[in-house]
Amino acid sequence: MARYKKISSHNRDQKSLFLFLVSSVPLVLISIGDIIRFFFHLLFSLFFISYNIIKITVQETRQGINDWIKEKTPKVKVPMVELPHISLPAITLPTLPTFSLPSLRFPRTAVLYRRRKQQDLWKSFFLGVVVTALLLFVPYTAYQWLASLPNPYLLTHKDLEVTTKIFDRNGILLYEIYADQNRTPLALADIPEHVKQATIAIEDRDFYRHQGFSLRGIVRAIVQTKLHGKLQGGSTITQQLMKSSLLTPEITLSRKQILEMYLNQVPYGGTAWGIEAASQTYFGKSAKNLTLAQAALLAGLPAAPTENSPFGSHPQNTFERQKEVLRRMREDGYITKEEASMALSEKITFASPNIPIRAPHFVLYVKDLLERRYGTRFVDRGGLRIKTSLDVTIQEKAEEILRSHVAQLSYLRVGNGAALITNPKTGEILAMVGSKDYFNIKDEGNVNVTTSLRQPGSAIKVVNYAAALENGFTAASLLDDSPIVYQIPGTTPYAPVNYDSKFHGVTPLRYALGNSYNIPAVKVLAKIGVHAMIEKGRMMGIESWEDESRYGLSLTLGGGEVTMLDMAKVFGTLANDGKRQDLLPVLEITDYTGRVVERNALKPPVFAVKPEAAWILGNILSDNIARTAAFGPSSALVVDGKTVSVKTGTSNDKRDNWTIGYTPSYVVAVWVGNNNNNPMDPYFTSGVTGAAPIWHDITSELLKGKPDEVLVKPDTVTSVPCYYGRIEYFMTGTEPPFGRCGSLPTPSPTPKK
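In terms of my numbering, the sequence shown opens at residue 492 and continues consecutively.
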């Protein structure tokens, strides 16, 4: 009961506080009105007092002058001077109707007002409201309006139509965004019906019913954005037209005029503004001749021209959007189900893009990043000067090498390749080659493979072994390369095999990793646990391993898809003494006047791998002797006169082939395969046939004329004589007893029971 009384007392206090706050608003306004009325009364009183004083003074002075004149010259009379009587009209406010308010217990602050006439209270209240509005809201509204006006000083600048430009790190122009608006207006009558219908269906299905804005669309956009985290616009065609053409609200247009202007004004990507320019850009023909399938595809572009563009890095978005447009057209009754199916089955052929651009995959990657951060309009029209981390000289050399090698690999059913070069110390992207030819739309050359999810094959083993070295394993740990079958309840039995279909018996970890044996890697993962590898991969920069339940022991053989960007961070972590630097494609952004919008300094790194483990892994990956059994003594993994750590990877189905290597200053990742996921020739068995020669030539070009750069060994790494009479390296405290490793046991390919 005591607790109940305490809560009730607390509620009463809160209620009293609430009533006090509610009552304070009118009381404050009444007080303001009282003050203003007081000042008016005081002002009028002072005026009348001053007037009466002046009047009396004048009268007395006149009387004195008259008396003096009478004494001197009695016949002279001064005319009487009387000031007019001034009386101001009485100001009376209209009598307001009385209200009977519910009885409330107000704080004592209201007692002073109870004895006053209700009419006086209403007068003060309304006067307080008026004065408050005049002194606060009107000035604030005026300030907001003035602040929204364009800067008048900009009118003195001649270059008001300012383009955004993207440069490499040395100031070389890569691309100019919004350099021109390629627009060819068409009359509404010349635009096919299915173009209009597709646009209305996907952009504003209630176009012929609302008055210029759609409350339902706005509410839907708020719900999708706030509750589901999906950014969605709620604007109508009319609102979008106002936004894109900067019409003033006073202009009145018919719906036909609005639709015609919209179809001629809206951006469809790049410099294509309006439906006619878009049709010419993407299909090489007039909009009058567009098919239903083509019209639906173009109608899906304006919502996100860069993201949905068929010439962008993710052309699959184009066709997903086309499918959505056709679905909406069918729902709205513009087309039948059969017509929608026929449009979806129509083969779309695009015109070859003619874009003055260098490093296109990288430029569009940067443009997409900035649009997500600042919005499309600001990036397109903001007059930005974007200084990127790219070195166009390195970029174009890598493009040349990759294009040449991929052409020579056609006999092995290799259709494409990609390369990425980064600086592991800073995370800067020095080169990004997303495909062999960006402009080859037929072979999906505009797809950026460096940002696409692919299986990494054995290249991912470095993550597994990094976690192993931090969990009790050493480079000298003996691993049994013999057959094994894992029986996991509810799943198919898993029996890993090596790429050469052989078993190599007991093998030190150094040689198991160097020769990329699969079975020892799986056994190591079974020992440390899949969770340990996933956590280590995330620390090293892998962003795609989100759902841990999807992965099993095959993860160490490339069973989890990653991007080349992720792999560059993983190997960059090893190259940077275990410290991860996230990728940094943009160095600085300014506007055309030189004002800095964004400047990216080097951020503190993430300590992802122990420096001792990172160095030991780098030492193993640079050990040509340790990999000779699999790759031979003179493979493409050897760069003459240079110490380079390198790892290959090939997926089991021969769909992906990787080579990734690094020095303290460079990470070079190369991939070959097919965009449509078709397998390559089975000859890809050793891991050095496809990507390795490309990697070798790019790395050799990068290191040409530079001194050999070796990873610096930490003081906490010790060395002792080990197997085969070689020196082995250990994290301090993990070295074997008696100052040397034991002898190797006799190999046994028979599985242990």
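Ideal Cβ positions, reconstructed from N, Cα and C, are used throughout, including at glycine.
Remember, it's a predicted structure, so these values are computed and weren't measured experimentally.
Nearest-angstrom Cα separation, counted from residue j out to residue i
i, j, result
"residue 694", "residue 776", "24 Å"
"residue 1076", "residue 1066", "19 Å"
"residue 1174", "residue 872", "51 Å"
"residue 921", "residue 1117", "31 Å"
"residue 915", "residue 1058", "12 Å"
"residue 815", "residue 784", "12 Å"
"residue 600", "residue 553", "Confidence in residue 600 is poor, its pLDDT being 42 and thus under 50, which makes the residue's placement too unreliable to answer from."
"residue 861", "residue 966", "44 Å"
"residue 818", "residue 759", "21 Å"
"residue 991", "residue 1062", "26 Å"
"residue 515", "residue 630", "24 Å"
"residue 927", "residue 1156", "25 Å"
"residue 876", "residue 1080", "6 Å"
"residue 773", "residue 803", "12 Å"
"residue 949", "residue 1096", "26 Å"
"residue 884", "residue 1225", "45 Å"
"residue 762", "residue 795", "14 Å"
"residue 1055", "residue 680", "49 Å"
"residue 1233", "residue 964", "15 Å"
"residue 905", "residue 836", "28 Å"
"residue 541", "residue 534", "11 Å"
"residue 1222", "residue 962", "11 Å"
"residue 1208", "residue 1201", "15 Å"
"residue 1188", "residue 1199", "16 Å"
Three-state secondary structure assigned by DSSP to residue i
i, result
"residue 843", "coil"
"residue 549", "helix"
"residue 739", "In this prediction, residue 739 scores a pLDDT of 45, lower than 50, which makes its location untrustworthy; the coordinate-derived value is nonetheless stated afterwards. Here residue 739 sits in coil by DSSP."
"residue 660", "coil"
"residue 1149", "strand"
"residue 782", "coil"
"residue 952", "helix"
"residue 979", "coil"
"residue 1154", "coil"
"residue 1082", "strand"
"residue 542", "helix"
"residue 1036", "coil"
"residue 1229", "helix"
"residue 1042", "coil"
"residue 1098", "strand"
"residue 1234", "coil"
"residue 917", "coil"
"residue 924", "strand"
"residue 1070", "strand"
"residue 798", "helix"
"residue 961", "coil"
"residue 694", "helix"
"residue 642", "For residue 642, the predicted structure reports a pLDDT of 47, less than 50, and the residue's modelled location is therefore unreliable. A value from the coordinates is still provided. Residue 642 falls in the coil class under three-state DSSP."
"residue 1173", "coil"
"residue 1123", "coil"
Paired residues, beta bridge with residue i - DSSP
i, result
"residue 759", "The partner list for residue 759 (beta bridge, DSSP) is empty, contrary to what the question assumes."
"residue 945", "1053"
"residue 1222", "1208"
"residue 999", "969"
"residue 1140", "1149"
"residue 908", "1163"
"residue 668", "655"
"residue 1075", "919"
"residue 985", "977"
"residue 1089", "1080"
"residue 764", "758"
Residue of the options minimising C-alpha distance to residue i
i, options, result
"residue 985", "998, 802, 1005, 1013", "1013"
"residue 684", "1031, 667, 1194, 790", "790"
"residue 691", "657, 902, 1130, 823", "823"
"residue 1179", "1148, 1086, 1191, 1035", "1148"
"residue 969", "532, 1003, 1212", "1003"
"residue 908", "1185, 1018, 1159", "1185"
"residue 1100", "687, 887, 954", "954"
"residue 994", "1005, 982, 972, 1006", "972"
"residue 988", "1044, 1214, 812, 1084", "1044"
"residue 940", "1074, 1161, 787", "1161"
**Item:** Unbroken stretches of the alpha helix (DSSP H), 4 residues or longer, contained in the region 840-880
**Value:** 851-865, 867-872
**Message:** Suppose only complete runs of 4+ residues qualify. What are the alpha helix (DSSP H) ranges in the region 803-836, listed by chain order?
**Reply:** 807-822, 828-836
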